[in-house]
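Residue numbers (the numbering used here): 42 to 403.
Virtual Cβ for every residue (Gly too), placed ideally from N, Cα, C.
Quantities reported herein were computed from a predicted structural model and do not represent experimental measurements.
What follows is a single structure, written as structure tokens, with notes after it.
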Amino acid sequence: TPRESEPSPETPIVAVPSVRENARRAAFENELRIMSQLATGMVVDSGRPALEERPVDLSESALERMRRDARYRLPRTQVRELLDEFCSEADAGGELRRVSPRTMVIVAHQDDETIGIGGQINRMDNVTVVHVTNGAPGNADHAARYGFSHPDDYAAARRREAMEALLLAGVPAERMLCLGIPDGEVEHHMVDLSYRIAELIESLQPEIVVTHPYEGGHTDHDAISFAVQLACGVLRREGVSPPAILELTSYHNSRGQRVVLDFLPFGPRDDVRTFLLPEDLQAIKTRMYDCFTSQAVCLSQFPTELERFRPAPRYNYTEAPHAGPLDYERLSKRLSGEVWRGRAQAALERLRSDVGSSVAVA
42 TPRESEPSPE
52 TPIVAVPSVR
62 ENARRAAFEN
72 ELRIMSQLAT
82 GMVVDSGRPA
92 LEERPVDLSE
102 SALERMRRDA
112 RYRLPRTQVR
122 ELLDEFCSEA
132 DAGGELRRVS
142 PRTMVIVAHQ
152 DDETIGIGGQ
162 INRMDNVTVV
172 HVTNGAPGNA
182 DHAARYGFSH
192 PDDYAAARRR
202 EAMEALLLAG
212 VPAERMLCLG
222 IPDGEVEHHM
232 VDLSYRIAEL
242 IESLQPEIVV
252 THPYEGGHTD
262 HDAISFAVQL
272 ACGVLRREGV
282 SPPAILELTS
292 YHNSRGQRVV
302 LDFLPFGPRD
312 DVRTFLLPED
322 LQAIKTRMYD
332 CFTSQAVCLS
342 QFPTELERFR
352 PAPRYNYTEA
362 PHAGPLDYER
372 LSKRLSGEVW
382 RGRAQAALER
392 LRSDVGSSVA
402 VA
């Protein structure tokens with residue numbers, strides 16, 4: 042459930058590497074502007090200086106060209122072939138297929154990977170799991186509600202739970218990374234997180250990244266979706282071959298009810314693939330759930346029978362993911378989609394300022 046917390050002054054800021062820093066900042070600035078171009082009425086021309094803008098051609102053909110070309114996406118046939126391989130249940134001999142492509146799972150909290158892709162992880166030969174948050178809000182009262190005297194103790198417990206669960210799935214501790222942002226605060230670090238994800242992808246070279254959809258279920262989930270798409274778009278512009286981005290199911294609100302194990306409709310329904318877990322993988326996933334003793338109530342709403350995946354759509358993060366209250370708005374009056382989208386736009390403004398300062402110093 043989204044946390045109601047203000048950004049902690051002790052929140053670790055993800056370091057921005059110095060190598061190619063100015064070039065990468067300019068590339069990020071371009072990609073952020075592309076994310077908001079339909080909403081702001083501006084478009085980037087890659088042949089013009091990074092900070093220059095021009096009015097959008099709103100003709101139907103121009104808008105279609107903008108949608109097609111402006112954002113990174115693999116060819117549709119290639120994505121479908123990848124999905125079919127990723128979710129195939131058996132080979133010609135009837136044995137459960139192994140998933141061989143290098144895969145990076147980037148999720149918000151310690152248990153998100155088990156909920157969304159725990160069965161699949163059991164048959165992956167080369168997977169790295171990245172937890173963006175430490176699993177604990179900076180609010181001591183929240184930690185106390187879970188029986189911990191301090192947020193650090195709560196974060197340590199969630200780390201241990203995730204390690205135990207992923208070891209059951211064959212993922213060693215060295216293939217687990219934690220970026221350490223407090224639970225509920227990722228939206229305050231979207232630009233820095235994008236830099237960090239780009240560096241991780243460039244370093245580990247995954248062929249597939251699996252992450253959250255943009256659905257208004259949790260503010261952290263939405264911010265990670267933003268950062269992953271931004272990072273992959275920038276890598277493409279730098280000449281680095283980016284991975285395919287697949288999404289796992291999280292949750293969203295529909296008519297006042299939380300929906301799990303399915304996506305908010307977006308794009309062709311036949312792009313969604315369902316992996317039915319055989320009984321042995323269901324049993325392992327149940328054991329993985331049991332490792333998360335601090336999250337038992339939350340996990341009880343997520344069945345273990347299936348997992349769903351789809352290619353990441355090209356979202357406009359300055360627009361609400363759906364009409365009506367978002368799931369986190371439904372649960373808290375202090376969390377607002379309008380505020381979240383304002384912070385996404387503020388990330389662009391901050392980056393423009395950074396680029397200008399870097400150019401001036403250079």
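Would you decide whether residue i is buried or exposed? Buried here means 16 or more other CB atoms lie within 10 Å of its CB.
i	result
residue 166	exposed
residue 199	buried
residue 159	buried
residue 338	exposed
residue 342	exposed
residue 317	exposed
residue 382	buried
residue 311	exposed
residue 404	Since the displayed the chain opens at 42 and closes at 403, residue 404 lies outside it and no answer follows.
residue 370	buried
residue 274	buried
residue 148	buried
residue 324	exposed
residue 235	buried
residue 146	buried
residue 306	exposed
Quick one: measure Cβ to Cβ for residue i and residue j, integer angstroms, because I've assumed they're closer than 8 angstroms.
i	j	result
residue 222	residue 174	5 angstroms
residue 144	residue 251	6 angstroms
residue 330	residue 322	Wrong, their Cβ atoms sit about 13 angstroms apart, outside the cutoff.
residue 257	residue 361	7 angstroms
residue 290	residue 378	Their Cβ separation, rounded to whole angstroms, is 20 angstroms, which puts residue 290 and residue 378 out of contact at 8 angstroms.
residue 155	residue 326	7 angstroms
residue 225	residue 261	6 angstroms
Measure the C-alpha to C-alpha separation of residue i and residue j and round it to an integer number of angstroms.
i	j	result
residue 264	residue 203	21 angstroms
residue 171	residue 375	28 angstroms
residue 191	residue 386	33 angstroms
residue 10	residue 126	Shown here, the chain extends from 42 to 403; a query on residue 10 therefore has no answer.
residue 349	residue 184	32 angstroms
residue 474	residue 313	Since the first residue shown for the chain is 42 and the last is 403, residue 474 is missing from the structure and cannot be characterised.
residue 297	residue 281	42 angstroms
residue 227	residue 292	18 angstroms
residue 139	residue 122	15 angstroms
residue 328	residue 206	8 angstroms
residue 372	residue 294	10 angstroms
residue 269	residue 388	14 angstroms
residue 364	residue 255	13 angstroms
residue 358	residue 304	17 angstroms
residue 180	residue 231	21 angstroms
residue 288	residue 352	6 angstroms
residue 390	residue 320	50 angstroms
residue 276	residue 266	16 angstroms
residue 220	residue 151	12 angstroms
residue 241	residue 130	30 angstroms
residue 168	residue 187	30 angstroms
residue 94	residue 315	Per-residue confidence for residue 94 stands at a pLDDT of 34, beneath the threshold of 50, marking its modelled position as unreliable; the derived number appears in the next sentence. About 42 angstroms.
residue 197	residue 347	29 angstroms
residue 384	residue 177	21 angstroms
residue 14	residue 218	The structure shown does not extend to residue 14, since the chain spans only 42 to 403, so no value can be given for it.
residue 285	residue 120	8 angstroms
residue 278	residue 233	18 angstroms
residue 380	residue 137	45 angstroms
residue 201	residue 302	25 angstroms
residue 367	residue 153	19 angstroms
residue 253	residue 161	15 angstroms
residue 356	residue 271	11 angstroms
residue 216	residue 229	26 angstroms
residue 163	residue 189	31 angstroms
residue 208	residue 336	18 angstroms
residue 195	residue 141	34 angstroms
Just checking: is the beta-carbon of residue i within a distance shorter than 7 angstroms of some beta-carbon in chain D?
i	result
residue 338	The structure shown contains no chain D; it is built from a single protein chain.
Would the segment 246-254 count as touching the segment 203-218 if we require 3 or more Cβ pairs under 8 angstroms? no
field: Segments assigned alpha helix (DSSP H), at least 4 residues, entirely inside the segment 328-356
entry: 337-340
(Q) Please give me, in chain order, every unbroken run of the beta strand (DSSP E) with length at least 3 that falls completely inside the segment 130-168. (A) Runs found: 144-148.
Output the residue ranges of the alpha helix (DSSP H) runs that lie fully inside the segment 216-278 and measure 4 residues or longer, sorted by chain position. For the segment 216-278, whole alpha helix (DSSP H) runs of length 4 or above, ordered along the chain, are 231-245, 260-278.
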